[in-house]
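> Protein chains in written order, with our numbering: chain U, 44 to 358; chain A, 261 to 551; chain B, 368 to 790; chain F, 112 to 600. Sharing a structure below in structure tokens format, with a few things to ask.
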Amino acid sequence: MTPTRSLASRILLSRTVWIGLSVVLLASTLPLYVSGYILGLLTMAYYFGVFSMAWDLLFGFAGEVNFGPSFLIGLGAYTAGILDNLYQPSIWLCLFGGAFASVAGGVVLALPALRVRGPYFGLTTLVAVLILQNFVIVAAGLTGGEIGLTVPDVISVDAGVNYWIALGFMAASGAVLYALSRSPVGLILQASGQDAVQAGALGFNVTKHKLAAFVISAFFSGLAGALLVFYLGAASVGTFVDVTVGVQVIIAAVLGGRRTILGAALGAVFLIAAGEALRPLGDLSTFIVSAMALVVVLLFPSGLLGLLTRARETT
Amino acid sequence: MLIWQILIDGFAVSALYALGATGFTLIFGVSGVLNLSHGALMVAAVVAAWVAGGEWGVSSHLGAIFGVLVGFVMSLLTYFAVVRPLQQSSKIREEEKEIFILTATLLWGIMISELIAYLYTNNAKTVLPIVEGVVMLAGVRTPANEVFTSVICWLVIGLLWLLVNRTRAGKAVLAASMNPRGVTLLGVELSWIYVGVWAVYGMLVGIAGVLLGMFLGVSSYSVGPLTASAFSIVVLGGLGSVSGSLIAAYVVGYLETMTAYLVSPAYRTIPALLLLVIVMYVRPRGLLGRR
Amino acid sequence: MKLSDVRCAGAPILTAALVAGAAVLAAMIGSAAQAQTKEPIRIGVISEAQAVAGSSIPLGAQIAADEINASGGVDGRKVEIISYDDHSSSAEAVRAFQRAVNEDHVHAVIASYVSEVVLALEPWAGRLKTVMVTPGAASDVITQNIAKDYEHNKYTFDGYLTSTSIAQLVCDAAKDLLVDDLKMRTAVIMSEDAAWTTPLDARYETCLPEAGLKVLDHIRFSPDTTDFTPIFNKIESVKPDVIITGISHVGTQPTVQWKSQQVPIPMLGVSSQASNSTFWKDTNGATEGVLYNAVSGPDVAVTPKTLSFVAEFQKRFGNLPSYCGYTAYDVVYYLIDAIRRAGSTDGDRLVDALEKTDWVGTIGRVQFMGKDTPNPHSLKVGKGTIAGLMLQWQNGKQVNLWPREVANGKLRFPPFIKVGSAD
Amino acid sequence: MIAAAHLEVKGLTKGFGGLVAVNDVGFTVKSGEILGLIGPNGSGKSTVMKLIMGIERPDAGSVRIEGVEVAGWPSHRIARLGVGMVFQHSRPLHRQTVLENIVLGLLPDRLMRLLPDPEIEARARAIAERVGLSGVIDRRPATLPFADLRKMELAKAIARDPRVLLVDEPFAGLTASETMQFSELIKAFRDDGCAVLLVDHNVKSVAALVDRVFAMYVGECIAEGTAAEVMRDETVRRVYLGGSIETAARPESSFGDRMPFLQVENVSVHYGKAQALENVSLHVHQGEFVSVVGLNGAGKTTLFNAISGMLPYSGDIRRQGRPLRGLTPAAIARGGIVQCPESRELFGDMTVRENLDLGGQHATAEESRERMAWLFELFPVLKARQNQTAGTLSGGEQQMLTIARALMMRPDLLILDEPTLGLAPVILEQLSKALERLRQTTTITVLLGEQNVTFALPHADRVYVLEHARIVWAGDPSRFAAEAGTGYL
């Protein structure tokens with residue numbers, strides 16, 4: 044039994060890859076028969092999916108409740124936007140700059156996380172967002188302040204191209220984050236999040252691993268934020284930094300199922316698609332989406348994805 | 261003159277902050293719940309008082325009472341519909357309940373504010389003050405309503421103090437905040453305590469909301485900032501410590517007022533945020549925190 | 368085992384969500400684009416439904432469309448209004464704009480009264496070569512962008528006044544009402560920190576002294592401000608004769624606190640929320656005596672069309688239109704007029720036709736500035752085009768005081784205001 | 112060279128606040144040796160273990176692993192140096208299989224290791240084989256029996272081939288045959304040249320396994336030597352057994368009630384897959400003093416919590432014939448069955464008087480006052496300290512306050528769970544006298560749970576012995592020493 048099992052798991056692993064690949068392939072054909080608007084909608088949803096997945100890595104695996112995902116997202120978005128505005132280098136450079144700024148922000152955020160716990164850490168992250176928000180408004184000359192920042196370049200105006208970029212980015216981020224969560228490092232991270240003392244006694248430098256989780260989460264949040272800037276062609280506090288943006292990210296992750304990485308993306312797509320599908324209901328759409336999310340949280344705590352995996356586990 | 265202005269204005273604003281944060285910290289201290297729908301409950305109370313006064317044309321007293329009542333009812337609804345099902349859920353691991361309660365109360369807050377915006381638009385609303393006119397205090401022309409607000413805030417905080425420290429039920433609540441298992445062993449049902457605390461919280465939220473509506477006014481946009489300010493004050497003071505919250509409310513209130521007067525109204529909130537960050541680094545448990 | 372389970376389980380959900388979402392949207396869109404004998408002219412309206420100012424936009428536009436359709440449409444083509452709620456968020460507005468153009472194939476878009484949102488949409492109007500008219504955004508930057516890069520930004524038109532021209536109108540009114548009549552000499556500018564107030568304040572700084580009001584201080588505050596006590600106290604300490612306002616995101620709170628603190632200085636200027644008919648109720652009557660600039664008012668016959676529009680609006684929706692309601696109504700008319708003249712809905716040809724607009728609407732005679740001016744595609748302002756009004760809240764009613772030709776009341780302040788007592 | 116000391120501890124000292132938990136402790140464990148570190152609860156033995164592992168930082172002293180000074184190092188570095196620790200309470204990765212949990216222990220502490228090394232999996236399987244987990248390797252921890260969870264913890268700790276192995280309470284909660292299995296595993300490590308430190312409460316439970324024993328009490332060493340020597344040691348005997356035990360049992364027939372006040376019948380409790388109580392039956396008559404004797408982990412606290420309604424159980428618990436099932440814990444307490452838990456659960460920031468007032472809150476003010484006067488007579492020290500906050504009291508005073516607070520409720524049945532936990536002998540004496548007075552002057556019924564037989568026997572009318580979740584002996588206290596006493600040293 045022993046040798047066959049490891050063989051079987053390898054086959055299953057490749058099956059995962061195939062299924063994932065076929066979903067992405069299926070999704071990538073959408074531009075051929077779906078309207079531009081739905082593509083635009085899904086483009087946003089995919090970027091939000093990356094935000095949520097990056098958040099899930101921190102919460103679900105490293106056990107750190109980050110109330111300020113929009114701090115990392117905003118840093119990436121604004122840095123990329125400001126770089127483009129000031130120097131107009133190639134977009135690649137701007138994207139890299141955004142991701143780098145966000146990683147630096149992730150390290151700053153990690154410092155208190157390694158000192159304080161629970162609600163205190165949560166508050167620190169929340170305050171980070173508020174400070175960034177104030178900074179953006181005060182430094183209006185650089186950031187455009189309340190008006191928002193308009194960037195001269197966009198990656199493309201074609202809905203299909205933007206869609207493919209977002210899909211490709213989400214698929215790549217999802218693959219990396221998922222693989223990471225399943226990798227030895229993911230295992231160590233989970234152990235550190237669950238019982239830091241024991242993880243230390245097993246020989247793991249908990250600080251190092253948690254810091255790495257912050258850096259990785261920040262990298263993907265920042266890169267996604269920067270890409271989104273070049274999709275929208277503009278950055279504003281309301282889109283990237285506001286606490287409500289972070290709240291949406293968290294809700295998406297919890298809704299989709301914590302500790303699954305992929306569930307977070309599913310939750311984001313669901314939230315945005317549901318919000319849009321309900322738009323004909325008028326002003327109440329946000330109310331109804333929130334109510335639906337609340338019902339899921341109350342009745343199916345393992346989330347959309349968790350519900351199904353748990354059902355499998357028992358069989 | 262400027263000093264007196266800062267002292268008087270800061271006092272009233274701080275008193276409001278203190279009252280808002282007291283309820284928030286009470287709930288956390290006793291049941292470990294950070295209620296992120298706090299701001300939404302306050303706004304609901306304001307809008308209710310506004311509707312009663314504006315749409316139905318009742319007197320300002322009746323309007324205020326109706327507002328408080330709505331705060332009270334909404335608070336109990338929050339507990340029974342959102343918080344309690346999660347606390348008693350067997351599907352969620354204990355250590356994960358916190359994030360669930362946070363997410364659920366957040367969603368609940370969004371629902372409340374969206375519903376308010378849907379029914380009454382998101383224009384700012386104010387409640388007709390019970391007392392109007394101005395009085396002169398140390399040479400500063402002060403709205404009588406501001407004095408009224410300060411007095412009511414401290415009266416309510418004083419009553420709360422008496423309730424907690426001088427009655428048997430209050431003592432049991434205090435004991436539950438230190439050791440919930442201990443009170444169970446003494447034959448006190450925790451569920452009674454929780455319901456009681458949420459009821460008291462509802463009154464506090466209602467009163468704080470209505471006073472805020474008379475003094476400054478709120479809109480459905482205020483939901484987030486109100487929750488965030490209560491949260492920061494409570495954390496600054498030390499979670500679960502009522503006296504810490506009172507001190508923190510005054511620190512934040514005066515810091516903001518001084519910044520607005522001496523630097524610029526545009527930078528009003530920034531020093532308080534920086535202070536919060538510093539305190540988090542230097543003294544992570546807050547000013548008077550024990551946990 | 369688990370590795371595969373997550374994916375296996377996830378895949379169907381993901382696809383199901385996508386398919387379901389797609390199906391719902393497709394169904395919606397299908398019904399919207401139902402076959403008609405002649406393709407209708409579709410106008411997209413993007414605004415925030417929960418804000419008083421924004422909610423009037425689709426309603427005003429709808430009235431205009433219905434009137435046009437009742438008189439036979441455009442060469443037999445009906446006018447159709449498709450509205451989108453953007454919650455005043457730039458990202459949602461961009462999404463809605465893309466949907467309107469790519470999905471619903473609208474021929475022109477009427478978008479938002481928030482400058483931040485319009486600025487985010489401006490490049491998209493260029494990218495998608497679709498005409499966009501804002502019925503209420505004021506920032507000069509919107510039209511300055513057109514001057515900077517005409518080819519890309521020419522699709523944007525500002526159907527409301529620019530901040531600079533509003534400031535000028537306020538100064539003109541202040542000169543007549545305050546300096547000439549009440550001998551006021553000094554002023555403090557109080558404005559919120561936002562896109563539209565930067566040019567507004569810049570013009571205030573120059574035109575107020577020209578009008579005879581010395582600017583003693585200039586206070587800008589965050590739109591998140593809730594406590595205005597320090598601001599009023601600071602203003603009072605320099606003893607101005609009048610407070611010149613530039614507020615739109617805030618309104619209720621400064622007005623109520625002005626009253627409750629009994630600040631003895633009158634307020635005049637821009638206060639967008641004060642132009643809403645519900646403002647009296649929102650402030651519990653604290654707005655008594657507040658003076659605000661507008662392009663139209665409920666009982667003011669700016670043009671022959673104004674009063675009939677207000678009557679129709681009130682009949683259909685039970686309340687009065689906000690300032691954006693008037694402009695949105697006009698925008699639909701002159702858009703249709705331009706389409707008629709251009710004989711096409713093509714973006715570039717529509718731009719050309721719109722630039723030649725000469726249309727008398729509810730707010731005055733609409734003409735756009737030429738492309739060689741600093742603010743192309745902004746409205747021409749002044750006597751004979753759009754003159755602007757200065758109204759005052761009196762006893763629950765909005766009374767017009769200026770220009771005197773269309774005035775229907777007299778200046779009057781609540782008792783706590785001390786006019787002329789300041790030295 | 113051959114007998115190099117793998118672990119060498121010298122002058123180790125650690126205080127928490129004002130309390131000295133470990134004071135100048137020193138010992139060595141050689142390669143191929145098992146040292147038993149024993150001591151009653153609160154003696155500081157667990158702290159010593161944490162200091163060695165680097166979970167706590169010592170205030171003074173040295174810890175050497177094969178000559179390398181590690182005092183003050185973070186625990187992951189100590190672990191890398193070759194120290195493994197088996198935790199008593201652990202939180203395994205719930206969503207991973209047993210295999211993955213073991214793999215965790217084998218992983219390098221590197222960030223760039225993204226692909227699992229196939230060799231690691233093979234090694235994990237080998238370790239699972241060695242500890243006897245190969246049959247359950249694909250299951251999740253939540254579905255495992257308790258003994259397998261312990262094995263999994265052991266597997267994680269030994270994954271890195273440590274040269275020093277620390278084991279916290281190796282046999283708690285295991286059945287006799289499981290204990291045997293586990294002992295064999297530990298012996299195998301010793302034979303491989305590992306230095307093993309076993310931490311436990313009693314000499315007896317580890318005697319068969321250890322080469323030497325190091326006994327601690329209140330932070331200091333009280334005896335060192337072979338298991339037999341330590342068991343003979345006078346100080347150790349006094350700490351564990353006290354002097355000679357006098358019993359004063361009243362015959363069961365002297366309690367005239369036809370139906371016992373409390374009946375526990377066939378009660379079983381499970382924590383996940385682990386069985387904490389197995390078909391336990393006992394009864395207590397009105398006015399009777401009954402002691403339940405058992406080691407840590409035997410199930411005493413579980414039994415009391417089941418009676419107090421804090422746990423779901425199968426079987427029946429009846430009070431005067433009426434089942435207690437369905438009542439909330441608070442309702443049971445109001446009904447007169449009041450527990451003084453081992454954790455005491457005082458209100459630390461309230462004064463002694465306030466704590467007592469809370470106990471008396473269901474009575475009228477008048478009754479409450481009278482009751483308090485009587486309690487101050489019973490525990491004079493509480494009267495002197497009545498305005499001091501409970502958190503500042505000494506351990507013994509806190510225990511008295513716990514009992515007094517419970518007595519404020521005028522209980523029909525008082526349940527005392529390990530009242531002697533961590534208390535100095537002098538205090539035990541006082542507590543003992545107070546219980547004696549209660550027994551003589553009131554009609555109160557008491558159910559006492561203890562592992563300290565010196566304290567449990569003198570007051571008892573009857574004794575039950577609880578071992579591995581089951582009642583293994585019941586009878587008169589005077590027969591206890593002869594028939595069941597050997598396991599309690």
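We treat Cβ as the ideally placed atom computed from N, Cα and C, and that holds for glycine.
1. Once the 5 residues before and after V401(F) are set aside, which same chain residues still bring their CB inside 6 Å of it?
2. Any C-beta of chain U sitting closer than 9 Å to the C-beta of A268(F)?
3. Under 8 Å between beta-carbons, which chain U residues line up against W491(B)? List them in chain order, please.
4. Pick helix, strand or coil for D525(B), following the three-state DSSP scheme.
5. Short of 7 Å in beta carbon distance, which residues of its chain neighbour L305(U), apart from the five on each side in sequence? Order them along the chain.
6. 9 Å is my cut-off, CB to CB: does P743(B) come that close to chain A?
7. Can you have a look at S425(F) and say buried or exposed, based on whether 16 or more other CB atoms are within 10 angstroms of its CB?
8. Return helix, strand or coil for L504(F), following the three-state DSSP convention.
9. Examine chain A for any beta-carbon lying closer than 9 Å to the beta-carbon of P112(U), and answer yes or no.
10. Quick one: complete alpha helix (DSSP H) runs, 4+ long, within the region 625–660 of chain B?
11. Have a look at R551(A) and G526(B) and give me their C-alpha separation to the nearest angstrom.
12. Starting from L469(F), find everything on chain A with Cβ-Cβ shorter than 7 Å and list it in chain order.
13. With which residues is I413(B) paired in a DSSP beta bridge?
14. Am I right that A458(B) and L275(U) are in contact with their C-beta atoms under 8 Å? What's the rounded C-beta distance?
15. Please confirm whether A561(B) and T381(A) have their CB atoms less than 9 Å apart.
16. Interface residues of chain B around T186(U) at Cβ under 7 Å?
17. What are the start and end residues of the alpha helix (DSSP H) that includes Y690(B)?
18. Chain U beta carbons: is any one of them nearer than 9 Å to that of Q207(F)?
19. Which first and last residues belong to the beta strand (DSSP E) in which I582(F) is found?
20. Identify the continuous beta strand (DSSP E) that holds N767(B) and give its terminal residues.
21. Let's test the definition: count the other Cβ atoms within 10 Å of the Cβ of G388(B) and tell me whether it reaches 16, buried, or not, exposed.
22. Are the beta-carbon atoms belonging to M327(F) and G150(F) less than 9 Å from one another?
23. Compare the C-alpha of G447(A) against each of S479(A), V400(A) and A429(A) and name the closest.
24. Do you know how far the Cα of I359(A) is from the Cα of V108(U)?
25. Let's see if you can read the secondary structure: which residues bound the alpha helix (DSSP H) around K515(B)?
26. Reducing DSSP to helix, strand and coil, say where C137(U) ends up.
27. What three-state label does DSSP hand I248(F) in the structure shown?
28. From E319(U) to K262(F), what distance separates their C-alpha atoms?
29. Taking 9 Å as the threshold (beta carbon to beta carbon), is L279(A) in contact with chain B?
30. Using a C-beta to C-beta distance shorter than 9 Å, which residues of chain U count as neighbours of V214(F)?
31. Within a Cβ cutoff of 7 Å, which residues of the same chain sit near G440(B), ignoring the five residues on either side of it in sequence?
32. Going by other Cβ atoms of all chains shown within 10 Å of its Cβ, with 16 needed for buried, is G270(A) buried or exposed?
33. Rounded C-beta distance between L536(A) and S503(A)? I'm assuming under 8 Å.
In short:
1. Against the fourth sequence, residue 401(F) aligns to sequence position 290. Contacts found: V395, L558 and R573.
2. One-based indexing of the fourth sequence puts residue 268(F) at position 157. Closer than 9 Å to some Cβ of chain U, the Cβ of A268(F) qualifies, so yes.
3. Here residue 491(B) corresponds to residue number 124 of the third sequence, with the count starting at 1. Here the neighbours are G276.
4. Taking the first residue of the third sequence as position 1, residue 525(B) is located at position 158. Strand, per DSSP.
5. Locating residue 305(U) in the first sequence gives position 262, counting from the first residue. Result list for L305(U): G217, Y221 and L348, in chain order.
6. For the purposes of this step, residue 743(B) is identified with residue 376 of the third sequence, where counting begins at 1. Taking Cβ atoms only, chain A never reaches closer than 9 Å to P743(B), which makes this a no.
7. Taking the first residue of the fourth sequence as 1, we reach residue 425(F) at position 314. Classification for S425(F): exposed.
8. One-based indexing of the fourth sequence puts residue 504(F) at position 393. L504(F) falls in the coil class under three-state DSSP.
9. As a working mapping, residue 112(U) is identified with position 69 in the first sequence. With 9 Å as the cut-off, P112(U) does not count as an interface residue toward chain A.
10. 646–649
11. Within the second sequence, the letter at position 291 stands for residue 551(A). Within the third sequence, the letter at position 159 stands for residue 526(B). Reliability fails at R551(A), whose pLDDT of 43 lies under 50, so the model's placement of it is uncertain and the value that follows must be treated cautiously. The alpha-carbon atoms of R551(A) and G526(B) are separated by roughly 59 Å.
12. Indexing the fourth sequence from 1 puts residue 469(F) at position 358. Neighbours of L469(F) on chain A, chain order: K431, A432, A435 and L446.
13. The residue you call residue 413(B) lines up with position 46 of the third sequence. DSSP lists Y451(B) and A478(B) as partners of I413(B).
14. For the purposes of this step, residue 458(B) is taken as the residue at position 91 of the third sequence. For the purposes of this step, residue 275(U) is taken as the residue at position 232 of the first sequence. A458(B) to L275(U), Cβ: 6 Å. Contact.
15. To locate residue 561(B), count along the third sequence from 1; it is residue 194. To locate residue 381(A), count along the second sequence from 1; it is residue 121. Result no, Cβ atoms of A561(B) and T381(A) do not sit closer than 9 Å.
16. As a first step, residue 186(U) must be located in the first sequence, where it is residue number 143. The contacting residues do not exist; T186(U) stays about 13 Å from chain B at best.
17. Here residue 690(B) corresponds to residue number 323 of the third sequence, with the count starting at 1. Start and end: Y690 to A709.
18. Locating residue 207(F) in the fourth sequence gives position 96, where the first residue counts as 1. Answer yes: the Cβ-Cβ gap between Q207(F) and chain U drops below 9 Å somewhere.
19. Locating residue 582(F) in the fourth sequence gives position 471, counting from the first residue. Element bounds for I582(F): R581 to G586.
20. The residue given as residue 767(B) occupies position 400 in the third sequence. Here the beta strand (DSSP E) through N767(B) covers K764 to W769.
21. As a first step, residue 388(B) must be located in the third sequence, where it is residue number 21. Confidence is the limiting factor: at G388(B) the pLDDT is only 47, short of 50, which leaves the residue's position unreliable, though a coordinate-based value still follows. Answer is buried; the Cβ neighbour count reaches 16.
22. Taking the fourth sequence and counting its residues from 1, one reaches residue 327(F) at position 216. Taking the fourth sequence and counting its residues from 1, one reaches residue 150(F) at position 39. Taking 9 Å as the Cβ cut-off, M327(F) and G150(F) qualify as a contacting pair.
23. Start at 1 with the first residue of the second sequence, and residue 447(A) comes out as number 187. Among S479(A), V400(A) and A429(A), the Cα nearest to that of G447(A) belongs to A429(A).
24. As a working note, residue 108(U) is residue 65 in the first sequence. As a working note, residue 359(A) is residue 99 in the second sequence. When rounded, the distance between both Cα atoms is 8 Å.
25. Within the third sequence, numbered from 1, the residue matching residue 515(B) stands at position 148. Where K515(B) is concerned, the enclosing alpha helix (DSSP H) stretches over D507 to K515.
26. The sequence position of residue 137(U) within the first sequence is 94, counting from 1. In the structure shown, C137(U) sits in a helix (DSSP, three-state: H, G or I).
27. Residue mapping note: residue 248(F) aligns to position 137 of the fourth sequence, counting from 1. Coil, per DSSP.
28. To locate residue 319(U), count along the first sequence from 1; it is residue 276. To locate residue 262(F), count along the fourth sequence from 1; it is residue 151. Distance between the alpha carbons of E319(U) and K262(F) is about 52 Å.
29. Numbered from 1 along the second sequence, position 19 holds the residue referred to as residue 279(A). No, its Cβ sits nowhere closer than 9 Å to a Cβ of chain B.
30. Translated into positions along the fourth sequence, residue 214(F) becomes position 103. Per Cβ cutoff of 9 Å: P227 and L230.
31. By 1-based counting over the third sequence, the position of residue 440(B) is 73. Hits under 7 Å: V446.
32. As a first step, residue 270(A) must be located in the second sequence, where it is residue number 10. The residue is buried, with at least 16 neighbouring Cβ atoms inside 10 Å.
33. As a first step, residue 536(A) is located in the second sequence; it is residue number 276 there, counting from the start. As a first step, residue 503(A) is located in the second sequence; it is residue number 243 there, counting from the start. Not a contact, Cβ separation roughly 18 Å.
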